[in-house]
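This report concerns only the one structure given below.
Protein chains: 2
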Amino acid sequence: MSEGNDFDSFGQQWLPLLEDEMRAVLTSQESAVAEHYGMMHYHLGWVDESLQAGEFGSGKRIRPLLCLMACASVGGDPATALSAAAAVEILHNFSLIHDDIEDGDETRRHRPTVWTLWGVPQAINAGDGMFALSFAALLRSKQRGVGDRSLVAMLERFTACCTALTEGQHLDIGFEDREKVAVADYLRMIEGKTAVLLATALSIGALIGGADQRTDEALYGFGQHLGLAFQIQDDILGIWGDPTVTGKAAGNDILRRKKSLPLLYALNHPTVGDPLADMLASSLGDEDLPAIHHLLDVAGAKAFAEEQLYNHHQSGLAGLKEALGTDALTSPLRSLADGLLLRQA
Amino acid sequence: MSEGNDFDSFGQQWLPLLEDEMRAVLTSQESAVAEHYGMMHYHLGWVDESLQAGEFGSGKRIRPLLCLMACASVGGDPATALSAAAAVEILHNFSLIHDDIEDGDETRRHRPTVWTLWGVPQAINAGDGMFALSFAALLRSKQRGVGDRSLVAMLERFTACCTALTEGQHLDIGFEDREKVAVADYLRMIEGKTAVLLATALSIGALIGGADQRTDEALYGFGQHLGLAFQIQDDILGIWGDPTVTGKAAGNDILRRKKSLPLLYALNHPTVGDPLADMLASSLGDEDLPAIHHLLDVAGAKAFAEEQLYNHHQSGLAGLKEALGTDALTSPLRSLADGLLLRQA
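This is the structure we're talking about:
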């Protein structure tokens, strides 16, 4: 049932239409609120700080691509899923605007974050606006021929996903105040914060494409494993990635004491845990990185994370095969999954 | 078609069921996220700072009452509108949690605000959680017998209301940086921030109750005027209210330089405007209040605000009469509207 498009040509065909749909949603004719929408456009990489149009980094649009590809994979026309795909990407970006405030992050994609330019109050509110407009985007699916029953089913999944996002974010913020976080708790957190949205994007796309329940659930499972693998890969790159490729300073995640999977695994290790915790509790500089890398090596933290990554990748591919049968091998979803996990940045 | 219940007995019958429905939505079985939901419960007046149950001030629940009464007024069973009414109240409280952060307000209903207790990051996220759960509440209407077509229509209105709320809030935050705000711009702001939610609450209740389009639109109009009147009354009480009744310090809104309708009207007055602006630009204390009150009197600011209040009240009642015919006279909606506008706090 897959059309056999490879990943790149699929993106070239659909991403411009996705951007058009997002622009159509994130727009008001009223000049008094132009700046409200301007902040959203800035965050999405469409305008500069003075709200002048340009092309800036805008992210990979992975989630909406998953939605569109899922629709195509079950035999649907991706055009019917464009509004839902826009909803998924707008929701993701709402969460990024709020995350940046909550984490105090001053830059994203090499540009100042929304809150540093317009202040925290307006940035919170611009995020809220995108949250509301993600639902508006989803509801536009009606104009693409999606019936009321499917629309309600999509809204139920989308809403459950929104709730899971905030639960995951609650856990993530809470971890910052805890010295030690169990690996299982960490996986629960990234399940809510990352995996559910990828899974929901796929599931909604499949639903629009007319998938039966079994296929829909299998694609949801593929998305969950893909999301977990994606985040674990992020964690590995944050510690062992090549700074010239990732664009982040070497040791960045360690110096920020970011509670990522390898670090948490080592902190829970019977012999490495205490000395590592002691080092992280004192002031850290580049000169401490070799000693910390040594402790991570002794704990086998990288091997553990890579094993988890491999397992989730394999489980994800099994779900994809369950959903699509032999088409899974040539599906652009397969290319996307492999590409995400082989990435170096 | 009205059942002739008066306002108080309607509330006594339905408010406990509303609280039950809200509790059912704002709940998770998972202990790891107990504090996430605990913040919402605290904000709603159900628990104390340690998340121990008690009875604290919880607001008047005006918006959900409007939703339930609108349903009853057109001949529907309010029980079918309980989930939608919960959605409206949860949405309202999400916006209050974020407003408190954005305005830096440290107390609400005589208790510390959520952000002062749990910090800004978790408070933003708890608000986001309530935003998501307001949609979850609305979708529960399905279990109360609301069909898919009505559900989609309700979601479209609810989503448009969410967008209007954030546009109104954008304008409100922006006003703080402006020396002078036109009365028309102010009315546009409170339209988005207050009136649309009241109108939407009524409209959704009417839709669930089976109202025809004309009735539904008339109730929406009633809600818009009621919302504007409600906010203008708030503005009047903020300057001329009796501190022993309102619970706010005398001159509170003036000393905070709150851009409310009477103050903006006076600031736009040809002779009073400049001297008033000069006074507000310098440091203000209780000793300045008599002079400012004098300028407001000269401008006729109270009379102007009261005239606006009266006009919106009258227009609202006209809409109610259009919607309900002679039943409007005995409708609990009429009692609620009159009660809100005759209030002293």
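Sequences listed follow chains W and F, in order.
Position 141 of the first sequence, counted from 1, bears residue number 141 in my numbering, the numbering being contiguous throughout.
Here my numbering runs 1000 ahead of the position in the second sequence, where the first position is 1.
A virtual CB, placed ideally from N, CA and C, is assigned to each residue, including glycine.
With a threshold of 7 Å on Cβ separation, who are the neighbours of D288(W) within its own chain once the five nearest residues in sequence on each side are excluded? M279
Candidates A218(W), G223(W) and R140(W): closest to A195(W) by CA position: Of the residues A218(W), G223(W) and R140(W), the one whose Cα lies closest to the Cα of A195(W) is G223(W).
Contact set for H1041(F): own chain, Cβ-Cβ below 6 Å, skip 5 residues either direction: V1047
For F175(W), would you say it is in contact with chain F, using Cβ-to-Cβ distances shorter than 8 Å as the test? no
Would you please verify whether the beta carbon of G210(W) is less than 8 Å from any beta carbon of chain F? no
From the DSSP output, read off the bridge partner residues of V1183(F). In DSSP, V1183(F) forms no bridge with anything.
Below 8 Å on the Cβ atoms is my guess for G1192(F) versus G1227(F); work out the distance and round it to an integer in Å. With 8 Å as the limit, G1192(F) and G1227(F) do not qualify as a contact, their Cβ atoms being about 10 Å apart.
Contact with chain F by G129(W), beta-carbon distance below 8 Å: yes
Return the residue from the list V1181(F), G1285(F) and R1334(F) that minimises the CA-CA distance to D1008(F). Of the candidates V1181(F), G1285(F) and R1334(F), the one whose C-alpha sits nearest the C-alpha of D1008(F) is R1334(F).
Run through chain F and tell me which residues come within less than 9 Å of K142(W), C-beta to C-beta. V1152 and E1156
Contacting residues, own chain, Cβ-Cβ under 7 Å from C1161(F) (five flanking each side not counted): V1196, L1197 and T1200.
Measure the alpha-carbon distance for A250(W) versus T244(W) and round it to whole angstroms. Roughly 9 Å separates the two Cα atoms.
Exposed or buried, which one is T1107(F) when buried takes at least 16 other CB atoms within 10 Å? T1107(F) comes out exposed.
Taking A323(W) as part of the alpha helix (DSSP H), name the residues at either end of that continuous run. A301 to L324
Which residue comes first and which comes last in the alpha helix (DSSP H) that contains A136(W)? V120 to L139
Go ahead and pull the three-state DSSP assignment for P270(W). coil
Under 8 Å, with one C-beta from each stretch per pair, do the segment 1070-1080 of chain F and the segment 1105-1122 of chain F reach the 3-pair mark? Segments in contact, no.
Under a Cβ-count criterion, where at least 16 other Cβ atoms within 10 Å of its own Cβ denotes burial, should P290(W) be classed as buried or exposed? exposed
Any C-beta of chain W sitting closer than 8 Å to the C-beta of V1196(F)? The beta-carbon of V1196(F) is placed no less than 8 Å from the nearest beta-carbon of chain W.
If we ignore side chains and look at the alpha-carbon of each, how far apart do T271(W) and Y265(W) end up? 12 Å
Give the single residue among K258(W), E35(W), F131(W) and G54(W) whose Cα lies nearest to the Cα of E176(W). K258(W)
Would you tell me roughly how many angstroms separate the C-alpha atoms of A123(W) and I101(W), rounded to the nearest one? 8 Å
Reference H1294(F); option with closest CA among A1086(F), P1262(F), A1132(F) and E1055(F): P1262(F)
Proximity below 8 Å, CB of T357(W) to CB of N1125(F): Because chain W here runs from 1 to 345, residue 357(W) falls outside it and cannot be looked at.
Residue environment, Y1186(F), which counts as buried when at least 16 other CB atoms sit within 10 Å: The residue in question, Y1186(F), is buried, as its Cβ has 16 or more Cβ neighbours within 10 Å.
Could you tell me whether any Cβ in chain F is nearer than 8 Å to the Cβ of R257(W)? no
Quick check: the segment 1228-1238 of chain F against the segment 1294-1307 of chain F, are at least 3 beta-carbon pairs closer than 8 Å? yes
Have a look at L1068(F), D1105(F), Q1052(F) and G1319(F) and flag the residue whose alpha-carbon is nearest the alpha-carbon of Y1220(F). G1319(F)
If you run the structure through DSSP and keep just helix, strand and coil, what is T1113(F)? coil
Simplified DSSP state of R1061(F), which is helix, strand or coil: coil
Return no unless some Cβ of chain W is closer than 8 Å to the Cβ of Y1162(F). Reading off the sequence shown, one finds Cys at residue 1162(F), where the question assumed Tyr. Closer than 8 Å: yes.
Count the other CB atoms, across all protein chains shown, that sit within 10 Å of the CB of S1283(F); report buried if there are 16 or more and exposed otherwise. exposed
Sequence-distant residues of the same chain with beta carbon closer than 6 Å to W118(W), five excluded per side: M39
Collapsed DSSP secondary structure at A1053(F) in the structure displayed: strand
Report buried or exposed for D1216(F), applying the criterion of at least 16 other Cβ atoms within 10 angstroms of its Cβ. buried
Please report whether the beta-carbon of L171(W) lies at a distance below 8 Å from any beta-carbon of chain F. yes
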